[in-house]
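Note sheet for the following structure.
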Amino acid sequence: MGFQAPKGTRDLFPPEMATLRRIESAWRNASVNAGFDEIEGPTFEHLDLYTVKSGEGIVSELFSFKRAGGDVDYALRPEFTPTLARMAAAKGRSLSLPTKWFAIPSHFRAERPQRGRLREFKQWNVDLLGIDNPSADAEVIATAVHALANLGLTHEDVVVRISHREVVVSMLTKAGITPDKLDIALTLLDKREKMSPAVFAEKLAEHDLDAHAFSQFDSEISIEHAELTALQKELKAWGIAEWCTFDFNIVRGLAYYTGIVFEIHERSGAERAIAGGGRYNKLVEMFGGPEVPAAGFGMGDVVLSLVLKDKGLLGDGEELLPTPDVFVVSACDEGDELIASTIATLRSNGIHARRSYKTTRNVGKLLTEAAKVKATFTVILGQELERDCIVIKNMESGEQVELQRDQMLVHITP
Ligand code: HAM
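According to the working numbering, the sequence shown is numbered sequentially starting from 1034.
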């Protein structure tokens, strides 16, 4: 009987795992460098946590379940923000503000798997709680940009498209969209780039929405909005102005945003969003906590990997796998007796040591194996053991020395 991994999931073999770890370490370094502390929450939550304020899109993509024999509804987390807001609310007034948190959890969404979209993915979350000003918004965006820059991307590769919920709502309202149609208008605007113009027109007609209200977003719009003007200044101050642009096509599908929103995209628009975020000043309060303004973003590993691969900034992962400092081989019976203790001595001294499991006595073959795993040194336990000596070969220079067995560490740790 054969089994396949569920649709939209990934089996990560060592090279893919090494690639993921590289991305995660860029995320972690950028977070720590910017003063964010790492948190984690449960992989599943009560279903209600998501139905309250995440928005239609996400709720329709939940993996929900009951415990066998139980009747409480749970859901695998599709995003981290509700968990984070719940955790902040639980701390109540004891939460010292500002609070800067980051997390790198796995998330689950039952969406149709496609390029850039899986059913299980990693998402880096960075959230700044307790400060409500454009400088905090810019700091959050700068943290995302720093991670991307550390991975080798430039402002010519990616763009942060910034918008504001208030501006978009007022543009739609002025164009005659009535309050009862606002939610669906925002949802459609959010999805517009992912649809053909014909399908979009069909959807507008279906909801009796005037196409003119949407065509205004096609051309460049200059809007006077105090927060955006202030944000522009802050983006300059944070040194990331050339990475950013204002773009009112960005709406964001999640319902909890209250102010600026943004998405990070590959410049040519070839891929889905690399990251998305914005300001959400009401969510902590909505979950029973004090009034805590907040801004943050989520960046997934899937689209980011595609973009990095496309730009030649990520190999197949083989190049990231660790290589041993020392490879130990035995070419005689006495060597077989000593190989475990030799390896143990090396490892307990912090040296990455591996061994051959081959039974051959052919030193040439054993050295080929050492070269294949890209060892720096090979320790050969051979006939020289009669004199209590070993041979150490420097695999790069080819230089080979015979020395007393108890001198091994002296030679290897410079
Ligand atoms: P989101 O736009 O739903 O925002 O997701 C953010 C990013 O997660 C996306 O831009 C994408 O890179 C990645 N992502 C989302 N769904 C998938 C999927 N099915 N497969 C692969 N990658 C995916 C949020 O989740 C907000 N909670 C972000 C946030 C944090 N806002 C404030 N703080």
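In this text, a Cβ means the ideal position worked out from N, Cα and C, and glycines have one as well.
For a test of the three-state rule: what should DSSP assign to residue i, helix, strand or coil?
i, result
"residue 1079", "strand"
"residue 1332", "strand"
"residue 1166", "coil"
"residue 1394", "coil"
"residue 1240", "coil"
"residue 1247", "helix"
"residue 1147", "strand"
"residue 1385", "coil"
"residue 1312", "strand"
"residue 1194", "strand"
"residue 1159", "strand"
"residue 1255", "coil"
"residue 1188", "coil"
"residue 1117", "helix"
"residue 1506", "Here the chain has residues from 1034 to 1447 only, and residue 1506 is not among them."
"residue 1227", "helix"
"residue 1099", "strand"
"residue 1139", "strand"
"residue 1304", "coil"
"residue 1073", "coil"
"residue 1172", "helix"
"residue 1154", "strand"
"residue 1046", "coil"
Give me the DSSP bridge partner(s) of residue i.
i, result
"residue 1436", "1423"
"residue 1061", "Answer by DSSP bridge pairing: none, since residue 1061 is not bridged."
"residue 1133", "1161"
"residue 1277", "1193"
"residue 1327", "1162"
"residue 1411", "1360, 1426"
"residue 1293", "1197"
"residue 1106", "1099"
"residue 1299", "1191"
By how many angstroms is the C-alpha of residue j removed from the C-alpha of residue i?
i, j, result
"residue 1428", "residue 1408", "7 Å"
"residue 1323", "residue 1125", "6 Å"
"residue 1099", "residue 1264", "45 Å"
"residue 1343", "residue 1349", "12 Å"
"residue 1142", "residue 1336", "15 Å"
"residue 1420", "residue 1395", "20 Å"
"residue 1401", "residue 1391", "12 Å"
"residue 1293", "residue 1225", "19 Å"
"residue 1316", "residue 1118", "6 Å"
"residue 1191", "residue 1295", "13 Å"
"residue 1331", "residue 1102", "35 Å"
"residue 1171", "residue 1256", "19 Å"
"residue 1352", "residue 1122", "44 Å"
"residue 1357", "residue 1068", "34 Å"
"residue 1291", "residue 1201", "12 Å"
"residue 1258", "residue 1065", "32 Å"
"residue 1132", "residue 1272", "23 Å"
"residue 1091", "residue 1152", "12 Å"
"residue 1422", "residue 1433", "13 Å"
"residue 1440", "residue 1424", "11 Å"
"residue 1167", "residue 1286", "22 Å"
"residue 1148", "residue 1039", "16 Å"
"residue 1435", "residue 1383", "23 Å"
"residue 1416", "residue 1182", "53 Å"
"residue 1321", "residue 1198", "24 Å"
"residue 1085", "residue 1178", "31 Å"
"residue 1206", "residue 1217", "13 Å"
"residue 1135", "residue 1189", "27 Å"
"residue 1204", "residue 1246", "8 Å"
"residue 1412", "residue 1047", "26 Å"
For the candidate residues the options, whose alpha-carbon lies nearest to that of residue i?
i, options, result
"residue 1106", "1206, 1081, 1085", "1081"
"residue 1386", "1376, 1194, 1213", "1376"
"residue 1083", "1097, 1356, 1280, 1202", "1097"
"residue 1297", "1131, 1072, 1329, 1396", "1329"
"residue 1253", "1278, 1237, 1306", "1278"
"residue 1221", "1207, 1200, 1243", "1243"
"residue 1063", "1180, 1070, 1151", "1180"
"residue 1193", "1281, 1327, 1251, 1130", "1281"
"residue 1184", "1369, 1116, 1202, 1052", "1052"
"residue 1139", "1167, 1109, 1439", "1109"
"residue 1380", "1406, 1446, 1430, 1165", "1446"
"residue 1507", "1345, 1215, 1325", "Any question about residue 1507 goes unanswered here, given that the chain covers just 1034 to 1447."
"residue 1393", "1371, 1365, 1410, 1384", "1365"
"residue 1310", "1173, 1091, 1404, 1163", "1173"
"residue 1414", "1404, 1236, 1399", "1399"
"residue 1289", "1038, 1112, 1187, 1048", "1112"
"residue 1405", "1374, 1416, 1360", "1360"
"residue 1187", "1262, 1048, 1340", "1340"
Check the Cβ-Cβ distances between residue i and every residue of chain B, and say whether any is below 7 Å.
i, result
"residue 1241", "Looking for chain B here will not work: only one protein chain is present."
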